[in-house]
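Here is the structure we will look at.
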Amino acid sequence: MLIQILLPGLLLSGLYALIAIGFTMIFSVGRVLNLGYGAFIMFGGYIYYQSAQILGLGKVPSFVIATAAGVLLGLIVYVILIRKLKGDAIAIEISTLIFAIVTQAAIIVVFSPSPKSMWPLIPGVLRVGDVIVTYNLVVAAVTSWVVLAALFLFIGKTHIGRAIRAVSMDPKGAVISGIDPDRINLIIWGLSGGLGAMAGIFLATYTQLAPAMWVAPLIIAVAVVIVGGIGSILGGLVAAHVIGMLETITTTLIAAELRGVATMLLIILVLIIAPKGLFGKAEL
Amino acid sequence: MSYFTENKGFDTLSATSENRPQPMLEARGLTKSFGGLMATKNVSLHVNPGESLGIIGPNGAGKTTLLNLLTKEITPDQGSVFLNGNCIDRLSIHKRVLAGLARTYQVPRPFHDLTIQEHIRVGMMPDGLFDMLLHGADDEKELKIAESVGLGGERAQQYPYELAMGDLRRLELVRTLATEPSILLLDEVFAGLTVKEIDQISELLTNRRATHSTTYMIVSHDLKALEPLVDRVVVINFGEVMTEGTFREVVADTDVQNAYLGTGWEQE
Amino acid sequence: MFAKGTNKGFLGWMIFGIAMLALPLFASSATVRIFVFANYIAIFAISWDVLSGRTGYISFGHPFLIGIGGYTTALLTHHLDMPLYITIPAAVLVTMIAGTLFFLPALRIRGTYFALVTLAFMELMYGLVQVVAPDITGGTRGLTGLPSIVTGAVSNYYLSFGVMFTLGLAMWLLIRTRLGTALGSIGMNEEAVRACGLNTTKLKLFAFTLSAMIAGLGGAMYIHYLGSIAPRGLFDVSFLFTILVACLLGGAGTITGPIMGAFFLTLLLEFLRPYIPGSERYLIYGVATLVLYVLQPRGIHRLIQITVNWFVEGFMRRKST
Amino acid sequence: MKISKSSKLLLAVAAMLLGSGMSGSSIAQDKDPIVVGYIGSFASDTGLSTIRGAEIAIDELNAAGGVLDGRMIKFVKADTREDVAEGIKAYEYLVESENVDFIISGSIDDVSLGWLPRMAEYKTPTLDTWTSYVGIIDLVVNEYDKYKMYFMNIACDEALATLYIDFGKDVLAKEMGYTSTVLMYEDTAFGVSIAGLVEGLLAPEAGIKISEKIIYDANTVDFAPLFNKAVSSGADFIYLVSSVRSQVPASQYVKLQVPIPMTGVNVAAFGQDFWNDTGGLGAGTSTLSPVPSVGMALDDRSAEFITNYKARYGSERPIYPHFNGFNAYYGIYTAFAAAERAGGFAPLDDWIREMENEDLKLYKDGELWFRYAFWKRGEIEPRTQREYTHNVKFDITPPFDDGSPAMVVVQWYEDGSSAVIYPPKFATGKFQEPSWVK
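In structure tokens form, the structure reads like this:
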């Protein structure tokens, strides 16, 4: 019974962590919610589908193309929308929400609203006793840990990383020390777009593509940010695991239909009891 | 303010056992720590009615924390605050204001979409929702209060973003004055001002002291500007009361001089 | 009692009221139907604006309040056959109680965090309606055949417009009283309001309850107008989107702005229909909204202000030369 | 496909800019046209099936000289975007702006329930081709005067489930020897009501024990824990009920190579595009389907309809109409046949009377294959002992010579083909377990 929870829970958590990273980054650095983050995920998934399944360009090139397209989309959103709104958090949240809805409408026009299933990135399954997990999910989880580790090093060890951290902690102070927050934000949005697209590929190859698919991962990302607290990559990782495990436990042991309800209750409780999240440092 | 006559729910301990005049505001043993750091340690002090008390000390000495403890923006770990001899520990921020204890902030906190006159309106606002709803603003009185800090006439229709730092301080002051405080706590009123602006604010306060009976507690590390405004000074260092006395006594104290060494004391 | 300039604005309201009262005389019943929807969206936008536009506590969960009102009256009429003059006030009351529940997180958190809790409330409600007692709530499919208050396009138009106009004008007057100033100042700097001796908890509770009351009334009347209720139509991002965007596109915190926003969005979408019947319509609608919003985040209200000022100034200049 | 979409978009914008010039001009005809409205989604396969079925029928009728003494039929459409409030607005638009005489609907359950009060208010004759919710039929049964203008020409879900139990008895229990199942269903009203019917009948009627029930959240991303739980329960097969995002459980079942068979209701598998949409990951799925389903042998007239459909729409999806495409095609014919006899769609009661008398029978090799007629008021279905007023005249008892079967079971094979496997009269293939099940 234990392995039935631990193994799938761990892998699902990995996928969730991957979904949340790009979202957490923007929130940590710019203190704004990118409610259009789900659109990055959806965009990545659809580009990959078009490239790999329709045009037949192969998995690896398609993966690269989709991720690059995500980076591009992130940059475009930043330049067209975010920069113009000059840090007005509410305006950014609303305009990114509208952006997500526009993306959904565009996807319907181009790809039709019918959901599409995709070939797994890595086919095959892993059997541990009675428990079955796909390699696809294993790879997604491993990728997310690798990406998180890389990001950890990037933020900690590189010059740009330190600049990002500085902007995250104190944007005004960063300006004084000669950092251009606009450039840092541009980099962050590009990164976030790419990471979102990458997560979208894993999510879509595991579940399906649909024009409304941006909502569910957005909620997961929001939950991870809230539970983990802002400004903490490690916190996000732990939170992704808390939520992934909670879902698996709810699904397996309590009642599968309460999966979403459990996550929502967790969000509400954390926000009311510990609004800074479990690992957050920032003031509200 | 008639607050006390309406609410008799709190302790009415006598302020002191000694036979001296009842202080207007008294702190007894205020202690607060953040994490492992003691921000204030067992701070006791008092302000007598009509008096103006200066609080000085180097940066990070705990002056602003003390103010926050007095107004309950921060709840103390230990210690009590008395207003006119009544313990007000259980009163929240806004109730303390209603009881006559008001403050300004070191960084002005204006309402960005309200005019100066509307700031005064918020300050004068009654406590009851129906009162707010049914009775309109007293235009004349608002303008008179604005006039008293030199923001009257056309200036009363200006928005915060149109104001220089000195005027923002006035705005902060006038909004607080509109609450008709019996004791006013001023936090770093001179910070970020030009010499000319300091003179203007200083003059404003001096004049006001001559015409009104308000009690003051003024926090500043600009000793020169503070000197003419205070009757007595309390020095705070490392979260503790170091010494107290008249301005001259305190300035002459060698311990105080040492505490201020390297913090710009000599230049002043 | 009211701030200066109220009289001039009041004149505007009267012109708006008369024009709208006359609308059914020259508009087709199809157009009138569109305006009924616009009126209801405007009611929801007013409700949102009273809470979020003024106090700065941005609600992403308004459909939660509207849904509570809608479901209360739907369940009471559908299962217990209770008359509307009991169920609608009951719905308003229950929504106001739910509004205080909504209020609890506002004691501790604000800004983005508050927005997220309210969003979680909406999602939670969506989940619960489907899972808990679906035979009573109608589950995913919802309930249909609910009684209507009045029938026909024109009567529904006058009913919805009357309520919208009354609420809108009342709220517009409210924000011009001292209470309105106090509520607005919370959105600008809550600590400073407290330092002015105001009980912000009481003020916020008032705003929440008032907003919930309007949402409950609007929600209850709306579902009786629709004649049916379904969770997917209510606790839904696109419904939330319409309300939020109506307010922000119109100009939050002004009451008149959100009403304009609600009309603009509803009419834009419907007038596009004969030319672009398919999915492309939503794309154009979304892009138009996005462009307009990014160009002027303070909304149509501000655009109109700028335009009017420009004309007035031009007129003055010409007069003086 | 992308190019045609974007050029359509450009045209649409241009049309919009031209403004009222277009809406003013009407088709020059001697007589006013009869207006048929479509309500439903524009872009989904479901919606497109109804639209195209109706379009083909209308063009055929117009080409044959029109209806009701040579009047042409004009077809107008209103998009619901599968949204309840949009559906109500769309219904209002059709009646108030387009003055439709008759509405054909491809709406899904809650959207139909949403506009139903408008239909009752406007008294517009309306025919639903997709939703099978028995609750709507119950409204017609219980409040006939209010909802009498409503017809549904797909067998309601209760009839679907009843016949499905026979499949469990005849095939799953007798032929395959299954004795226990895991009932896995989504937490939607559809899932709960179908599962309820199955649960009540499967054990007593078919002798299959339900060893475990798993209700899941319709937004579930990861079905691995659910399948793991199902497998460890030791049951012989999984009975899945899924209408929302049904490709997810179907494709994860294949991706995870779940070692026990799975059957049930999978709405996504109703269409021919299912195979491409799942990228071949639909193998092993079997589902009940309303008729006429994919993989089903057709009578001559229906076969001709398919020929026309393919000639007209080519490779644009859906490449083969869902059942509601047929329902819309025949629905237009029956509605106009009734209108011819009643002298039009008004007076309403005349048309309803004639629609109730409508009886379109389609034969294949001398056997009754499909039938588009409706249950009359007060008529009792012998097996379930209840009324189904204005539901299509389905048949749930072999030899199915009284109406179309309420449903058939469709099986998707691992080579991408599909076949009907039940009832035997319509079967073109056999029930098959996926190759990875030992």
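Residue numbers (the working numbering), protein chains in the order written: chain A, 18 to 301; chain B, 849 to 1116; chain C, 2 to 322; chain D, 23 to 460.
Ideal Cβ placement from N, Cα and C applies to all residues, glycine included.
With respect to D:I61, D:W137 sits close: the two C-beta atoms are nearer than 8 Å. For the pair D:K191 and D:I230, the Cα-to-Cα distance works out to about 8 Å. The Cβ-Cβ distance between A:M215 and A:G26 does not fall below 8 Å.
Close to A:G277, with beta-carbon spacing below 7 Å, are these residues of chain D in chain order: D239 and N241. The closest CA to that of C:R55, considering only C:G258, C:F122 and C:L273, is found on C:G258. Burial is judged here by how many other beta carbons sit within 10 angstroms of a residue's own beta carbon; B:P958 has at least 16 and is buried. For B:M1065, the enclosing beta strand (DSSP E) covers residues T1063 to V1067. When CB distances to chain B are screened at a threshold of 8 Å, the residues of the stretch 192-206 of chain C falling below it are E192, A193, V194, R195, A196, C197, G198, L199, N200, T201, K203 and L204, in chain order. DSSP lists C:S229 as the bridge partner or partners of C:T145.
Secondary structure at D:T242: coil, using DSSP grouped into helix, strand and coil. Within the same chain, and ignoring the five residues on either side of B:V1078 in sequence, the residues whose Cβ sits closer than 7 Å to its Cβ are S900, L901, G902, I1066 and F1095. Exposed is the label assigned to C:T308, since fewer than 16 other Cβ atoms lie within 10 Å of its Cβ. Distances from the alpha-carbon of C:V93 to those of C:F104, C:F242 and C:T74 put C:T74 closest. Annotated three-state conformation of C:F61 is coil, per DSSP. Under the Cβ distance rule, D:A65 counts among the residues neighbouring chain A, one pair being separated by less than 8 Å.
Listed along chain C are A31 and R274, each with a C-beta nearer than 7 Å to that of D:Y115. A:T175 is classed as exposed because its beta carbon has fewer than 16 other beta carbons within 10 Å across all chains shown. Here the stretch 1082-1089 of chain B lies against the stretch 908-922 of chain B, with 3 or more beta-carbon pairs under 8 Å apart. Interface flag for C:M189 against chain B is set, since a Cβ pair is found closer than 8 Å. In terms of CA proximity to D:S71, D:I328 leads the group D:L390, D:I328 and D:W458. Ranked by Cα distance from D:K447, the options D:D437, D:W458 and D:F392 are led by D:F392. Taking C-alpha positions only, C:I98 is separated from B:G1000 by approximately 45 Å. Excluding the 5 residues flanking it on each side, B:S928 has same chain C-beta neighbours closer than 6 Å at R876, C935 and D937, in chain order. Taking the Cα positions, A:H258 is about 24 Å away from C:L129. Residues of the stretch 113-133 of chain A with a Cβ closer than 8 Å to any Cβ of chain D, in chain order: I125, V126, V127, S129, P130, S131, P132 and K133.
A:E274 reaches chain C at V132, counting residues in chain order whose Cβ is nearer than 8 Å.
For D:G286, no alpha helix (DSSP H) segment is defined; the enclosing uninterrupted segment is the beta strand (DSSP E) at M284 to N288.
Closest option to D:Y351, judged by alpha-carbon separation, among D:L382, D:F422 and D:A195: D:L382. In the structure shown, D:D423 adopts coil according to DSSP, grouped into three states. From the listed residues D:K196, D:D372, D:V163 and D:L219, the smallest Cα separation to D:I402 is found for D:V163.
Within chain C, L120, A121 and E124 have C-beta atoms less than 9 Å from the C-beta of A:I236, given in sequence order. Residues of the same chain with a CB within less than 8 Å of the CB of C:M189, apart from the 5 flanking positions on each side, are G57 in chain order. The DSSP-derived three-state label of B:C935 is strand. A:M230 counts as buried, since no fewer than 16 other beta carbons sit within 10 angstroms of its beta carbon. What D:Q269 touches in chain A, judged by beta-carbon distance under 8 Å, is P132, K133, S134 and Q225, going in chain order.
By the criterion of a C-beta distance shorter than 6 Å, A:P228 is surrounded in its chain by Q121, I124, I125 and P130, once the five residues flanking it on both sides are discounted.
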